[in-house]
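A short worksheet on the structure shown next.
Protein chains: 4
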Amino acid sequence: MDLQAIIDGIVSELEPRRGEGKVADYIPELAKVDPNQLGIAITTVNGKTYTSGDAETGFSIQSISKVFMLTLALGKIGEGIWRRVGREPSGSAFNSIVQLEHEHGIPRNPFINAGAIVVTDIVLAGHKPREAIGEFVHFMRFLADDNSIHIDEKVARSEQETGFRNYALGNFMRGFRNIKHPVDHVLGVYFHQCSLSMSCAQLSRAGIYLANRGTNPLTGFSVVSPRRSRRINALMLTCGHYDGSGDFAFHVGLPGKSGVGGGILAIAPGKASIAVWSPGLNEIGNSLLGAEALEMLATRTGWSVFGP
Amino acid sequence: MDLQAIIDGIVSELEPRRGEGKVADYIPELAKVDPNQLGIAITTVNGKTYTSGDAETGFSIQSISKVFMLTLALGKIGEGIWRRVGREPSGSAFNSIVQLEHEHGIPRNPFINAGAIVVTDIVLAGHKPREAIGEFVHFMRFLADDNSIHIDEKVARSEQETGFRNYALGNFMRGFRNIKHPVDHVLGVYFHQCSLSMSCAQLSRAGIYLANRGTNPLTGFSVVSPRRSRRINALMLTCGHYDGSGDFAFHVGLPGKSGVGGGILAIAPGKASIAVWSPGLNEIGNSLLGAEALEMLATRTGWSVFGP
Amino acid sequence: MDLQAIIDGIVSELEPRRGEGKVADYIPELAKVDPNQLGIAITTVNGKTYTSGDAETGFSIQSISKVFMLTLALGKIGEGIWRRVGREPSGSAFNSIVQLEHEHGIPRNPFINAGAIVVTDIVLAGHKPREAIGEFVHFMRFLADDNSIHIDEKVARSEQETGFRNYALGNFMRGFRNIKHPVDHVLGVYFHQCSLSMSCAQLSRAGIYLANRGTNPLTGFSVVSPRRSRRINALMLTCGHYDGSGDFAFHVGLPGKSGVGGGILAIAPGKASIAVWSPGLNEIGNSLLGAEALEMLATRTGWSVFGP
Amino acid sequence: MDLQAIIDGIVSELEPRRGEGKVADYIPELAKVDPNQLGIAITTVNGKTYTSGDAETGFSIQSISKVFMLTLALGKIGEGIWRRVGREPSGSAFNSIVQLEHEHGIPRNPFINAGAIVVTDIVLAGHKPREAIGEFVHFMRFLADDNSIHIDEKVARSEQETGFRNYALGNFMRGFRNIKHPVDHVLGVYFHQCSLSMSCAQLSRAGIYLANRGTNPLTGFSVVSPRRSRRINALMLTCGHYDGSGDFAFHVGLPGKSGVGGGILAIAPGKASIAVWSPGLNEIGNSLLGAEALEMLATRTGWSVFGP
């Protein structure tokens, strides 16, 4: 299978549609991104990376960071995390607070905002906010084997100034004692991890451990156990795209996590880690062309977990 | 891999736990079932069937029938079905009506009761209820290649007399014009298809087309296209266990559909169709030992779609 | 105070606005009513009735019947009724089912559809549906001292054929065992009581007991105790206009109950019973001109219970 | 009617029940209050004040302040306030956030926490927090004609440190742009106005304008117009006791506003302003003995707005 030809074909077929979708505008800094960009990168379990389009341009990974923060938190407190956050699809928007009231401050899963805020609270334990942010950046550099990865401070500040809904979620859960640290500290870390800037190439390398039984084939380091790797993939499949997770599974058939910056990380277990990026979003808030590119890729490679 | 040894081992390890869980009692006829039963059957894409425990005893497949009714309905009107039913996990109980009010009578997916009632309405089109029931039984006999499969009329009557919630769902959607036939007709068919009696062995054979790109390897007949087969699997994974779908994906990692009769059908794409049965349910309404047996099986075979 | 001059003035001021609002169309038979009608009738505790406009024309009282059915049910089982229906405003539409699911089949109050269906189930106890309907008609003739009052069978049939939402509510509550009789029987009675045809003049006489400490000054009969009369008024004020009850209290300041036929019954405790009718509804489903006429009347008479 | 004898009788009959109910404990400072207290004060439109029991002891008026803040806000921007807050009962708890999400950040009424936070935001306009607090204290001293009224800073601080849910509400509405000032400022004012300390005697005098067509008979000052006075009373009746408003209207039949400090202010339009206080709360969060005392009072005086 000629992966390079496949992704070049996809990028070329989507060429006329560059710019489709709506760039996220609720975070002012993100609204400034040029919408006409499209990149794909695939890193295989053999350690090779294939790229096409704007695959080397950095973008704000936003919610994709939730996968890596979950990995960090699981490393810290293990399966105890599930006492504070659920594992079920939410059936509602990424920033809904309704479910939290009905379920006593326990978010449905770690990939909606409320859940990721709890995960951040766990990662923060015993640290100052600045240290926790540093640990996360360090972890991402380690995963991608690339020390140039960094946080975009402008984006972080922009989020911090406008993220009222996230402050609401944090305070609401604090009221239920499911946030242990001062809400300002937790959200300081939360907004920074969302603001990590990475390219498709870097992202596909950072996620490869999930396709390779928990071990990074590039560095040989074991990040998580095979079982934990499977479980993170399962969560990505059922909960990775907010209230569009069912649809993504239906069309693409791969565990994935999207971010409002227009990136999507998808995992083909046993085969490859795939990162796509295009800033225009569909109505649920996932990259429009990114999702289409992944559907084309899954069809052409036969990598869907639901059968060739 | 010695599948026979694996399933014998599982049945034997679960031996001391037979009877755990709570048999469904809201349908009086189901409450009479002996709880101490446990069966497993695996049919592989090579056409071989392996059984262990009470794998030849018939039980009420209940909601597992929703997978086959969906297959029938897709065969009738194709992807047009998605104008009347969604593809997202519901985030609520199997018989919740709240979501229907918020989303104007469009059920979230075909595997919750409301969705399956819409699917039944589609299958009913142009038929008398008796004919539609006949067509479904015929379809199941064809899939399992077994003419002894039949409906348990006592269970059907028991459901019909106590299924007030389902009458509520049907009338509610009729009010939104998402049910086209008289509610009594639709529910007559609905209660009958739920009341099909099958053994694990029969069920694993009936489901094998979903593991084999849509084609039954036993008979050679193509039931659905490979793409449709993948999509049904995707729906089973994200929505097959009501509000426990995320948990099932997390622990088992296979597309599956459970029924309150204690049965679960699971699909290992490209490998096998698996049916387990044990009447005691967990608190979400899925077979307690059935789910455990499948978790053990997935671990020992490495069949999880999320990686070995 | 010259009541005749006041209501003549109101009818004449509203003359140019006749026909405003939207006639209920979800019950086909109601949609046929001429929208250009407007009537007012006041019956005082002294036993005098004043009328203006189309006050002698019969119309479908619809949900206004809920006040009288509640009176009947309280007469049968007393305060025990509150074990099966609440006394709080619903915060949602007249036919919402969401609250019922959250509160285990106990409707919020007797003036939303679900609550009135429970009340009907109580009135039905020990009777055949036909007898219960007969008892209600008899009661209304007794209250208004007018034997010409009757049910419009065409409207009743029209509701019966299209009232899917009410069948949903009935079945839903039957599932919670809060409906004791067959749903078909209960709704048969329910649709008939809604279909009572009365004029403003008749209605204002029928309601006068609520303004007069429970006793009809025209006939001298005690219908309910003073305390029960106060309590029914309280329920009309807090719950009589579905999710527009707060607004009605804010603008009019009188206990009232509206119906989708365009009628409103309002009570000025210690002073008078008022019936208005105009078929065009506002967006919440209350008579548009009827509510305006009552606001004008309350202002000009100083009858608001919240002060002159 | 001998009001002094009536209230002395009530206090004496409730003597053996002092201490019933549960003192609010979610605000640490309030939990310290001696539960065995009970006071009643009535100020009539003739300007006389009657007291019984602990009617001169100061207590934290808490949510009762919402009535006075609403009066202030209406004075500032008039009926424009209703673009930012509704007038309907909420059908849910005092601090629910669910409704806010469903209705785009517009609280249902000014007497639930979210609504009062919006009202506070309106009162804050053009001021520093300290000035707004000063204006409110000044207003309350003016209404009660008593310069000793003051804020309990310990309570204010206690609320500020534990009021996570209110911070959540404030941030949530800020996200919908229905809060204009920094959330910290708005809540600073909000927590201080809740922490006003007043006795029953002071409170009954402060509320007398609502019983007297908007004018304080003690000072002769017009506080609001008669129409506005009626409307505030209407809101108190339909929304004054959170999700227990219907029940309060049913049993007491007077506009009222309760606070978790155990106080209730009730208005008998055209007759009197009544303040009761007893710290033990019922399950909805209203003073248990306070509500009983008011029901006894309404029965014995015949002051229910729903008839004698």
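Residue numbers (the working numbering), protein chains in the order written: chain B, 20 to 327; chain W, 20 to 327; chain A, 20 to 327; chain E, 20 to 327.
For each residue, glycine too, the CB sits at the ideal point set by N, CA and C.
These numbers were taken from a predicted model, which means no experiment stands behind them.
Chain W places a beta carbon closer than 9 angstroms to that of residue 117 of chain A, counting this residue as a contact. For the 9 angstroms CB-CB criterion, residue 232 of chain A and residue 164 of chain A do not form a contact. If one requires a minimum length of 4 residues, the alpha helix (DSSP H) runs lying completely within the stretch 197-268 of chain B are 202-213, 219-225, 245-258, in chain order. Here the alpha carbon of residue 41 of chain W sits roughly 59 angstroms from the alpha carbon of residue 71 of chain E. The beta carbon of residue 326 of chain A sits closer than 9 angstroms to some beta carbon of chain E.
For residue 133 of chain B, the number of other beta carbons within 10 angstroms of its own is at least 16, and it is reported as buried. For residue 316 of chain A, the uninterrupted alpha helix (DSSP H) segment begins and ends at 307-320. By the criterion of a C-beta distance shorter than 6 angstroms, residue 209 of chain W is surrounded in its chain by 136, 139, once the five residues flanking it on both sides are discounted. Following the DSSP letters along the chain, one finds residue 276 of chain W inside the beta strand (DSSP E) bounded by residues 275-277. For residue 71 of chain E, the enclosing beta strand (DSSP E) has its first and last residue at 68-72. Identification of chain A residues near residue 272 of chain E by a Cβ-Cβ cut-off of 7 angstroms yields 249, 253, ordered along the chain. For residue 232 of chain W, the neighbours in chain B by C-beta distance under 9 angstroms run, in chain order, 326, 327. Within 7 angstroms of the CB of residue 312 of chain E, no CB atom of chain A is found; the nearest one sits about 18 angstroms away. About 11 angstroms separates the beta carbons of residue 161 of chain E and residue 91 of chain E, which is beyond the 8 angstroms limit, so they are not a contact pair. Annotation: Cβ neighbours of residue 120 of chain A in chain W (cutoff 8 angstroms, chain order): 115, 116, 117.
Pairing residue 181 of chain E with residue 151 of chain E, the inter-Cα distance amounts to about 22 angstroms.
Inter-residue distance for residue 154 of chain E and residue 48 of chain B is about 40 angstroms (C-alpha atoms, whole angstroms). Chain B places a beta carbon closer than 9 angstroms to that of residue 128 of chain W, counting this residue as a contact. Within the same chain, 321 come within 7 angstroms of residue 327 of chain W by CB-CB distance, once the 5 residues on both sides are set aside. For the alpha helix (DSSP H) assignment, the uninterrupted runs of no fewer than 4 residues enclosed by the stretch 87-157 of chain A are, from N- to C-terminal side, 117-121, 132-143. According to DSSP, residue 79 of chain E shares a beta bridge with E:216. In the three-state reduction of the DSSP assignment, residue 292 of chain B falls in the strand class.
Under the three-pair Cβ rule at 8 angstroms, the stretch 51-62 of chain A does not count as touching the stretch 93-110 of chain A. Per the DSSP secondary-structure output, residue 287 of chain A pairs in a beta bridge with A:291. By the beta-carbon neighbour count (other beta carbons within 10 angstroms, threshold 16), residue 290 of chain A is buried. Restricting attention to B:245, B:228, B:147, the CA atom closest to the CA of residue 201 of chain B is found in B:147. A residue is called buried once 16 or more other Cβ atoms fall within 10 Å of its Cβ, and residue 126 of chain B is buried on that count. The beta carbon of residue 244 of chain W lies closer than 6 angstroms to those of 233 in the same chain, with the five residues before and after it left out.
Rounded to whole angstroms, the gap between the alpha carbons of residue 88 of chain E and residue 310 of chain A is 29 angstroms. Residues of the stretch 181-212 of chain E with a Cβ closer than 7 angstroms to any Cβ of chain B, in chain order: 183, 184, 186, 187, 190, 191, 193, 194. Assignment of residue 57 of chain A by DSSP, reduced to helix, strand and coil, places it in the coil class. One finds nothing in chain E with a Cβ atom closer than 7 angstroms to the Cβ of residue 98 of chain A; even the nearest lies about 10 angstroms away. With fewer than 16 other Cβ atoms from the protein chains shown falling within 10 Å of its own Cβ, residue 121 of chain B counts as exposed. Comparing alpha-carbon positions, the option among A:325, A:221, A:24 lying closest to residue 283 of chain A turns out to be A:221. What residue 107 of chain B touches in chain W, judged by beta-carbon distance under 8 angstroms, is 108, 110, 262, 263, 264, 265, 266, going in chain order.
Per the DSSP secondary-structure output, residue 26 of chain W pairs with nothing in a beta bridge.
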